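Colleague: Just dropping this structure here.
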């Protein structure tokens, strides 16, 4: 899945995102609204990972994302 599709289907995708990264709260997910840059920054802060690792993990998950 590409980023445009991900953002367009954010209400459905956020369930998967919360399953992938359980440290993220509903408030966090409401704030980022599917925006890649904001999600990566939030993940980096929440999990204490490097920017490079976080971007790779985000891309890997995005590639495996499926719509209902």
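In this note's numbering, the protein residues as written are 1 to 68.
Backbone N, C-alpha and C fix where the C-beta goes; we use that ideal spot for every residue, glycine too.
If you're wondering where the values come from, they're calculated on a predicted model, not measured in any experiment.
Taking all protein chains shown into account, decide if residue 54 is buried (16 or more other Cβ within 10 angstroms of its Cβ) or exposed.
Modeller: So residue 54 counts as buried.
Colleague: What does a CB cutoff of less than 8 Å around residue 20 pick up in its chain, not counting 5 residues either side in sequence?
Modeller: The answer, listed in chain order, is 61.
Colleague: Quick one: residues in its chain with C-beta nearer than 8 Å to the C-beta of residue 51, no 5 flanking neighbours on either side, listed in chain order?
Modeller: The residues are 40 and 44.
Colleague: When the Cα atoms are used, what is the spatial distance from residue 67 to residue 59?
Modeller: Between residue 67 and residue 59, the C-alpha separation is close to 16 Å.
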